[in-house]
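A quick write-up on the structure given underneath.
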Amino acid sequence: MSNLFYQGRGRKPVLDQARGVYMWDKNGRRYLDGSSGAMVCNIGHSNENVLAAMRRQMEKSTFGYRLHFETEASETLARRLAGKMPEGLDRVFFVSGGSEAVESALKLARQHALARGAPRRWKVISRRPSYHGCTLGALAVTGYAPLTEPFAPMMQQMPMIPAPRAYLEGFDPTARETGQHYADMLEARIEAEGPESVLGFILEPIGGASTGALVPPPGYLERVRAICDRFGVLLIADEVMTGAGRTGAFLGGDHWGLRPDILVMSKGLGSGYAPLGAMVADRRLVEPVLDAGGFAHGFTYAGNPLACAAGLAVMEEIDRQDLCANAAAMGEILLARLGGLMQRHEIIGDVRGKGLLTAFEFMSDRATKAPLPKHLNAHQRFVDIAYDRGLIVYSRRTRDGLEGDHVLVCPPLILNGGHIDELIDGLDGALA
Ligand code: PMP
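Below, the structure written as structure tokens:
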């Protein structure tokens with residue numbers, strides 16, 4: 030009997046050790062970590078250099094409250110992080126996770142509107158489906174009904190537009206499944222809401238858990254940027270999952286030269302070694318807020334030196350091992366091999382992704398793109414079968430206009446060809 034409770038009552042094996050792309054439970058059973066936890070452990074488990082850096086930091090200090098001290102670790106990590114951002118995004122605010130980073134972005138955007146004398150701007154448009162976190166503010170911009178509806182009376186749900194579903198050509202016969210078409214929906218929505226009331230637009234550059242690695246159609250992000258500029262709407266990029274090399278570039282938006290006004294990261298930033306997240310903002314946005322009396326927001330553990338030392342060492346490993354390039358190269362091979370699985374297994378209706386953010390989707394009919402019936406709970410059954418065979422993958426049933434079961438295959442970025450063989454064998458067996 031455990032005192033813990035998370036999602037349900039199901040007991041999981043007890044984790045003992047983890048190294049590289051493998052994890053072992055207390056019974057000595059080995060698992061291939063095909064999802065990097067929850068797309069977190071980008072540099073793999075138990076990296077010696079990160080552990081050594083954390084030990085060194087632990088010997089010096091483990092906590093300094095951010096209003097009392099700066100720390101070398103947080104200063105250095107902020108500088109290194111700013112160096113990897115699009116031009117102008119160089120003001121960094123550390124937090125302990127993705128939801129906290131999203132909350133911080135929403136509150137910075139609002140305080141910026143107040144500081145520049147636009148108090149009527151408060152709506153942050155988001156997309157369906159999307160996931161931006163589990164705190165009430167982040168849920169307000171999350172387009173995923175099963176997670177938001179139960180809390181409806183406790184929060185204000187923000188306006189939503191459909192996320193591009195270009196891969197489902199013909200899904201909506203009236204829609205032109207192009208980047209332009211989906212970006213036009215943003216324009217129409219801003220106009221319908223009243224541009225003077227719209228504060229921001231938040232999006233995952235490549236859809237994560239909510240859509241199963243949906244890559245935006247050509248032209249979409251460029252046009253979204255132009256629309257935000259035209260209406261003075263802040264563009265917030267949620268790179269919690271796509272950041273830190275996951276997609277084969279340091280940021281998911283780098284594939285399209287995306288330049289958001291505010292960007293949030295977490296997951297791969299600490300790579301599982303420490304709870305760490307960051308909001309990085311354009312200095313032109315931050316300065317007026319500081320001039321107007323400061324950013325009225327903060328968490329006790331923000332900028333924790335141990336978490337920042339871990340983050341810094343993680344970033345050094347990403348650079349030293351050139352993990353963005355490895356994610357790009359291995360991702361191409363993995364995607365092609367998943368395509369091979371699709372040829373062998375009729376149940377797979379789509380394979381997609383970028384770098385090592387890849388996914389496949391189950392369908393009952395490829396021609397019509399019809400999903401499997403919900404009651405089959407196919408994605409969870411698949412995950413359980415794979416798990417029993419020593420392979421960990423991550424799945425969801427997408428809702429909100431993109432009904433279907435998808436499985437994310439997102440191993441650590443240190444992946445090699447041998448690991449891919451093992452991963453594909455495991456998936457093949459589980460699919461059979
Ligand atoms: N944004 C995105 C895109 C995410 O994928 C997640 C986590 N899955 C979050 C925000 C929330 O992060 P956390 O669970 O660390 O609060």
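Residue numbers (my numbering): 30 to 461. We put the beta carbon where it would ideally sit given N, CA and C, even for glycine. Computed from a prediction, not measured in an experiment: that's the story for all the values here.
Nearest-angstrom Cα separation, counted from residue j out to residue i
{"i": "Gly340", "j": "Asn76", "result": "12 Å"}
{"i": "Gly63", "j": "Val422", "result": "5 Å"}
{"i": "Lys41", "j": "Tyr302", "result": "21 Å"}
{"i": "Gly199", "j": "Ala396", "result": "In this predicted model, Gly199 has a pLDDT of only 45, less than 50, meaning its place in the structure is not dependable enough to derive any value."}
{"i": "Gln185", "j": "Lys152", "result": "10 Å"}
{"i": "Glu132", "j": "Phe230", "result": "14 Å"}
{"i": "Ile443", "j": "Asp283", "result": "20 Å"}
{"i": "Asp267", "j": "Met214", "result": "19 Å"}
{"i": "Glu451", "j": "Pro175", "result": "34 Å"}
{"i": "Arg312", "j": "Gly117", "result": "6 Å"}
{"i": "Leu385", "j": "Gly236", "result": "13 Å"}
{"i": "Leu250", "j": "Thr271", "result": "15 Å"}
{"i": "Gly146", "j": "Val318", "result": "11 Å"}
{"i": "His404", "j": "Val170", "result": "28 Å"}
{"i": "Arg252", "j": "Val244", "result": "15 Å"}
{"i": "Leu61", "j": "Val436", "result": "15 Å"}
{"i": "Pro334", "j": "Ala461", "result": "47 Å"}
{"i": "Asn406", "j": "Asp320", "result": "53 Å"}
{"i": "Leu80", "j": "Gly223", "result": "51 Å"}
CB contact flag (residue i, residue j, <8 Å)
{"i": "Arg410", "j": "Gly455", "result": "no"}
{"i": "Ser155", "j": "Gly127", "result": "no"}
{"i": "Glu233", "j": "Ser159", "result": "yes"}
{"i": "Ala107", "j": "Val121", "result": "yes"}
{"i": "Phe391", "j": "Asp434", "result": "yes"}
{"i": "Leu352", "j": "Asn71", "result": "yes"}
{"i": "Arg275", "j": "Ala356", "result": "yes"}
{"i": "Ile219", "j": "Leu263", "result": "no"}
{"i": "Ala336", "j": "Arg95", "result": "no"}
Residues sharing a beta bridge with residue i, DSSP
{"i": "Ile231", "result": "Ile265"}
{"i": "Met294", "result": "Ala307"}
{"i": "Val124", "result": "Gly306"}
{"i": "Leu118", "result": "Asp311"}
{"i": "Met189", "result": "Ser155"}
8 Å CB neighbourhood of residue i in its chain, flanking five on each side removed
{"i": "Phe180", "result": "Leu165 and Leu168"}
{"i": "Ala459", "result": "Phe411, Ile414, Ala415, Arg418 and Leu420"}
{"i": "Ala67", "result": "Ala238, Lys296 and Tyr423"}
{"i": "Ile362", "result": "Gly446 and Ile449"}
Cutoff 6 Å; reference residue i; Cβ partners in own chain excluding five residues on either side
{"i": "Pro202", "result": "Confidence at Pro202 is low in this model, with a pLDDT of 48, below 50, so its placement is unreliable and no value can be given for it."}
{"i": "Ala82", "result": "Ala338 and Ala342"}
{"i": "Gly360", "result": "Gly277, Gly384 and Leu385"}
{"i": "Glu216", "result": "Ile256"}
{"i": "Gly39", "result": "none"}
Any chain C beta carbon closer than 8 Å to residue i
{"i": "Gly323", "result": "Absent here is chain C; the protein component of the structure consists of one chain."}
Endpoints, beta strand (DSSP E) assigned at residue i
{"i": "Arg156", "result": "Lys152 to Arg157"}
{"i": "His448", "result": "Unbroken run through His448 is the alpha helix (DSSP H), Gly446 to Leu460; no beta strand (DSSP E)."}
{"i": "Ala47", "result": "Leu44 to Arg48"}
{"i": "His435", "result": "Gly433 to Val438"}
{"i": "Arg59", "result": "Arg59 to Asp62"}
{"i": "Thr177", "result": "From DSSP, Thr177 is part of no beta strand (DSSP E) but of the alpha helix (DSSP H) over Ala174 to Thr177."}
{"i": "Arg366", "result": "Arg366 -> not in any beta strand (DSSP E); alpha helix (DSSP H) instead, spanning Leu352 to Arg373."}
{"i": "Ala388", "result": "Leu386 to Phe391"}
{"i": "Ile377", "result": "Ile377 to Lys383"}
Residue i - containing alpha helix (DSSP H), residue span
{"i": "Ala107", "result": "Glu101 to Ala111"}
{"i": "Phe20", "result": "Missing from the structure shown is residue 20; the chain here goes from 30 to 461 and no further."}
{"i": "Val343", "result": "Pro334 to Arg349"}
{"i": "Ser65", "result": "Ser65 to Met68"}
Same chain only: Cβ atoms within 7 Å of residue i, ignoring 5 sequence neighbours per side
{"i": "Ala130", "result": "Val124, Val269, Val293, Met294, Ser295, Gly306, Ala307 and Met308"}
{"i": "Arg48", "result": "His74 and Ser75"}
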